[in-house]
Structures are given as structure tokens and as C-alpha cells.
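These protein sequence lines are chains A and B, in that order. Numbering follows this note's numbering, in which position 112 of the first sequence is assigned residue number 112; successive positions increment by one, without gaps. All you need for this note's numbering is the position in the second sequence, starting with 1, plus 1000. Ideal Cβ placement from N, Cα and C applies to all residues, glycine included. Heads up, the thing below is written out as C-alpha cells.
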Amino acid sequence: GNSVTQMEGPVTLSEEAFLTINCTYTATGYPSLFWYVQYPGEGLQLLLKATKADDKGSNKGFEATYRKETTSFHLEKGSVQVSDSAVYFCALRESSGGGNKLTFGTGTQLKVEL
Amino acid sequence: DVKVTQSSRYLVKRTGEKVFLECVQDMDHENMFWYRQDPGLGLRLIYFSYDVKMKEKGDIPEGYSVSREKKERFSLILESASTNQTSMYLCASREPINYGYTFGSGTRLTVV
């Protein structure tokens, strides 16, 4: 079956530090890949996505590249801010058959301090 | 923008009670989902629905049922609440074209 593995948190960084949150996946076929963010007390919001190999998703200074050869979709940001403190979820969606649902990783909590 | 509204942010229920969690979306989406979110486990799919009166089990359906009588409303039912169902419940709706998901703000359910 499909699965998503994320690095465990919490990740604590100082403001303006470089961020990487690792995500690897297992899937049959050619999934689409997503990063969602959950701010305290809120639901999940789509941060970025990539639908095929070598695609780069980007939004709000965050980036992730779909690497089929390493089955990875690592999230990066060059300079984090306190307002980026949240839980980040990596997810995949199958391209066919079971494409009706998302499979999520366990989430990585990010804390950014001044 | 699509809006997904969950009727309650916080609920406290007693063991054995029948519990209804309501979710409404305003964009006529066919696909709707119920997930539960637990620390260290991420989001796990309970049930989803791809049309009115149509439903499919997700990964953890035991102890739950769902109802979809109208396209905009998708209800999650805990037939007899138990303490291990204490969790955050998230509803989502999916766009038909680019498959974007919109989540509600969640219902934090505590079963005592």
C-alpha cells in the first residue's frame, strides 16, 4: 500500500535559519505529492504540490521538488520566520484507481524562535 | 473560496453515547472525507463519500459510520463512543478538476 514517511519533530530553529523537512514515499504508479500546513487551532491548508517527476512546487518561500529516483519530496525554506511555526504534513495521492484519497505522513512540528 | 464548516470546535461526550459530527461544504463538491488526527499518527482516513448516499470505508472505519443525504453535508457518526475515539476529527472536500482538498477547522472530541 501507499505510505509517507516524514522526519520526526519537533524541529526548533532560530528565525532566518534554513529549513529542511524530509519526506519519502512508497506508492504504486505515479502519485501526486503535497505539503499541507496546520497552524495552531486550525485545519490543514495546502502549501504546495507537484504532480509529476522533477516538478517543483513553491509557495510563500517554501519549495519542494518531486524526486522519483529517491522517492522523496523534501520541504525547504531559505529563511524561516516565527510565523512559520506550525505542523507540516507530507501527503500523496495515487494517480489512478485509489486516486480519491490522500495518504498523509505523521506530521512534523516546526517551532521558530527569535 | 471553498468553505468547509464543521459544526463544533470542541465536544465532550460520555462513553456509550451516540455522537454526530457534522460537516458542510458550499461548493457542490462530490467528494468528501473524514479523517482523524492523533499525535504521532498523522491523519488517518475513516470514511469518504463520492456522491450522495455513496460511501466507502477508509483505513480505520471500525466504530464509525457516515451519512450523506445531501451533497453539501457529510456526517460522521460514532455509534457508541469510547475513550479511544478521543481525537481531532477533520472533514475535507475535494475539487473535481485539480483535486485540491479543503479542510475544515476540525472538531476536538473528548470522550469521558
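Going by beta carbon distance, what residues of the same chain come within less than 6 Å of residue i, once the five residues before and after it are set aside?
i               : result
residue 49(A)   : 34 and 57
residue 27(A)   : 2 and 92
residue 1007(B) : 1022
residue 1106(B) : 1088 and 1090
residue 1033(B) : 1048 and 1092
residue 1113(B) : Shown here, chain B extends from 1001 to 1112; a query on residue 1113(B) therefore has no answer.
residue 1052(B) : 1068 and 1071
To the nearest angstrom, report how far apart residue i and residue j are at their CA atoms.
i               : j               : result
residue 90(A)   : residue 105(A)  : 5 Å
residue 107(A)  : residue 1017(B) : 31 Å
residue 47(A)   : residue 59(A)   : 6 Å
residue 87(A)   : residue 109(A)  : 4 Å
residue 1084(B) : residue 1096(B) : 34 Å
residue 1025(B) : residue 1093(B) : 7 Å
residue 1071(B) : residue 18(A)   : 44 Å
residue 66(A)   : residue 84(A)   : 22 Å
residue 53(A)   : residue 63(A)   : 14 Å
residue 6(A)    : residue 1040(B) : 11 Å
residue 1076(B) : residue 1005(B) : 13 Å
residue 1111(B) : residue 16(A)   : 41 Å
residue 111(A)  : residue 45(A)   : 18 Å
residue 1028(B) : residue 1042(B) : 28 Å
Here's the rule I'm using: 16 or more other beta-carbon atoms within 10 Å means buried, otherwise exposed. How should residue i be labelled?
i               : result
residue 79(A)   : exposed
residue 30(A)   : exposed
residue 43(A)   : buried
residue 82(A)   : exposed
residue 1015(B) : exposed
residue 75(A)   : buried
residue 20(A)   : exposed
residue 1020(B) : exposed
residue 101(A)  : buried
residue 1080(B) : exposed
residue 1078(B) : buried
residue 1104(B) : buried
residue 61(A)   : exposed
Using a Cβ-Cβ cut-off of 7 Å (strictly less than) and excluding sequence neighbours within five positions of residue i, which residues of its own chain qualify?
i               : result
residue 39(A)   : 86
residue 1044(B) : 1035, 1036, 1059 and 1060
residue 68(A)   : 53
Got a sec? Which residues, its chain only, sit under 8 Å from residue i by beta carbon, not counting five neighbours each side?
i              : result
residue 113(A) : 12, 13, 14, 15 and 82
>> With a threshold of 8 Å, are at least 3 pairs of Cβ atoms found where one atom belongs to the region 1004 to 1014 of chain B and the other to the region 1050 to 1064 of chain B?
In response: no
> Closer than 7 Å, Cβ to any Cβ of chain A: which residues of the region 1070 to 1102 of chain B, in chain order?
Replying inline: 1090, 1099, 1100 and 1101
>> If the cut-off is 9 Å on Cβ atoms, which residues from the region 1047 to 1066 of chain B count as contacting chain A, listed in chain order?
In response: 1048, 1050, 1056, 1058 and 1059
> Listed from N- to C-terminal order along the chain, which residues in the region 1030 to 1046 of chain B have their beta-carbon within a distance smaller than 7 Å of any beta-carbon of chain A?
Replying inline: 1031, 1033, 1040, 1041, 1042, 1043 and 1045
> Looking at chain B, which residues of the region 19 to 49 of chain A have a Cβ within less than 9 Å of any of its Cβ atoms?
Replying inline: 32, 34, 36, 38, 41, 42, 43, 44, 45, 46 and 49
> What residues in the region 1007 to 1023 of chain B have a beta carbon less than 9 Å from any beta carbon of chain A?
Replying inline: 1009
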